[in-house]
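Novice: Residue numbers (mature numbering (1 follows the signal peptide of the UniProt record, and there is no 0)): -44 to -1, 1 to 385. C-beta: ideal position from N, C-alpha, C; glycine also.
(1) Residues bridged to residue 271 by DSSP?
(2) From residue 173 to residue 58, what distance separates their C-alpha atoms?
(3) How many Å lie between residue 185 and residue 27 at the Cα?
(4) Starting from residue 375, trace the alpha helix (DSSP H) both ways and give me its first and last residue.
(5) Find the nearest neighbour of residue 323 within the set 334, 306, 279 and 359, judged by alpha-carbon distance.
(6) Give the DSSP-derived three-state secondary structure of residue 341 in the structure shown.
(7) Report the rounded CA-to-CA distance for residue 325 versus residue 182, giving the unit in angstroms.
(8) Could you give the DSSP three-state label for residue 315: helix, strand or coil?
(9) Near residue 175, what residues of its chain come up, given a Cβ to Cβ distance below 6 Å and the 5 sequence neighbours on each side ignored?
(10) Roughly how many whole angstroms lie between the Cα atoms of residue 62 and residue 78?
(11) Have a look at the DSSP bridge pairing and note the partners of residue 359.
(12) Starting from residue 333, trace the beta strand (DSSP E) in both directions and tell me its first and last residue.
(13) Measuring CB to CB, does residue 204 end up less than 7 Å from residue 16?
(14) Under a Cβ-count criterion, where at least 16 other Cβ atoms within 10 Å of its own Cβ denotes burial, should residue 280 be classed as buried or exposed?
(15) DSSP three-state label for residue 293, please.
(16) Can you find at least 3 beta carbon pairs, one from the stretch 43 to 58 and one from the stretch 356 to 363, that sit closer than 8 Å?
(17) Do you know how far the Cα of residue 213 is from the Cα of residue 10?
(18) Could you say which of 273, 128, 91 and 72 lies nearest to residue 148 if we only look at CA atoms?
(19) Helix, strand or coil for residue 395, going by three-state DSSP, please let me know.
(20) Could you please give me the residues that DSSP links to residue 309 through a beta bridge?
(21) On the premise that residue 378 lies in contact with residue 243, defined as a C-beta separation below 8 Å, what is that separation, rounded to the nearest angstrom?
(22) Buried or exposed, going by whether 16 or more other CB atoms sit within 10 Å of the CB of residue 374?
(23) Does the beta-carbon distance from residue 207 to residue 12 come in below 7 Å?
(24) Taking Cβ to Cβ, would you say residue 387 is nearer than 7 Å to residue 275?
(25) Do you know how far the Cα of residue 381 is from the Cα of residue 371?
(26) What's the C-alpha gap between residue 277 and residue 291?
(27) According to the neighbour-count rule (16 or more other Cβ atoms, all chains shown, within 10 Å of its Cβ), is residue 285 buried or exposed?
(28) For residue 249 versus residue 189, is the C-beta distance shorter than 7 Å?
(29) In terms of residues, what are the limits of the beta strand (DSSP E) holding residue 256?
(30) So, with DSSP's three-state summary, where would you put residue 351?
(31) For a test of the three-state rule: what should DSSP assign to residue 80, helix, strand or coil?
(32) So if DSSP puts residue 287 in a beta bridge, which residue, or which two residues, is it bridged to?
(33) I think residue 311 touches residue 318, with their Cβ atoms under 8 Å apart; what is that distance to the nearest whole Å?
(34) Might you give, ordered along the chain, the residues of its own chain that have their beta carbon closer than 8 Å to the beta carbon of residue 143, omitting 5 neighbours on each side?
(35) For residue 364, which of helix, strand or coil comes out of DSSP?
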């Protein structure tokens, strides 16, 4: 019995190159591509081969990965630019605060300097006063002050004591003035030293803030330039991708034309031999516009829960497996008209086609043989149109059609659904 084994079995892909090297390759090749140097698909009796299709798809996938890599780099750069802009704002705030602190300290030093100047002037005045008194103690009008006081009129004991007291007070006053002078001078020097130290510290902080602001601004500028360069190179990569995609589509069209021609030749030969051959014609189209995807088939795998022989557990089988004699290579037909929404490799489904029929209804066809996909993404098909050749790609143990019907994305029993459309897709039930 044929089984679906939904596992990833994708074809190998070329390793992802570094963005920078890839971009250089884009630039180097783009001009050649745009001049039409890619070989056009063959025409007349020579059609593109499956290898040609695979190569064209591989080229497109590689270029898509390159474009995605550039997009990722651009997104990273955009974030880094935003971070750099935020850092510039932060550095600007820090610089503004440092500048304000420096300005405040400069104003403070001006005030301190005024105090220094005042203290210095006071100290100078105190020194001058002390020096003047000292001179007066030594002499007065050319005579010794002490002698003058002692020899002046009034020789009484009380007068002498008064004179000695006066001399003592004068000497004491002189000492006080001198001490004040020294104190004022020391205070002035201390204030001056404090002001100079504070000013040097703030000047250093201000210079550092200025440096950090300049570095942040330069980093932002560099990142913005890198972003601009990367964006320009993305335009080149997108242009090349457009050319490669056009080439891939043309190659697939040519390949499918060859498949149709070979099928037509085979049908003509079979007709000339009285209908010999393993394929059958499309089934009857019902009044609702539906038809069997593989006419004359039997069921080998039912829709619903079943015990999986590989996984050794119950799993849900989302479709109906259809087989008949000569299944390998047998033509599969569109069950209803619609648009091909996917045609390509899909993990355990192998080569796979999904057709959207409108109103949330879709049909799917799995395990198509390599080279057996006869339609492409976006193509309009009609009921009974050949769309594929039956195979055993992906998670399959033998040639069969895995057929699904989904409504709004949810799998429904395809046998019951098709019966409701007036079509029997299997003679088994």
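Specialist: With the structure as the only source:
(1) Paired residues: 262.
(2) 22 Å
(3) One C-alpha to the other measures close to 13 Å.
(4) 370 to 376
(5) 306
(6) coil
(7) 47 Å
(8) coil
(9) 40
(10) 24 Å
(11) 276 and 321
(12) Careful: residue 333 lies outside any beta strand (DSSP E) and carries neither H nor E.
(13) yes
(14) buried
(15) coil
(16) no
(17) 16 Å
(18) 72
(19) Nothing in the structure corresponds to residue 395, since the chain is present only between -44 and 385.
(20) 299 and 321
(21) 6 Å
(22) Buried is the call here.
(23) yes
(24) Outside the displayed span of the chain (-44 to 385) sits residue 387, for which this structure offers no information.
(25) 7 Å
(26) 15 Å
(27) exposed
(28) Residue 249 places its beta carbon 7 Å or farther from that of residue 189.
(29) 254 to 257
(30) coil
(31) helix
(32) 345
(33) 6 Å
(34) 75
(35) coil
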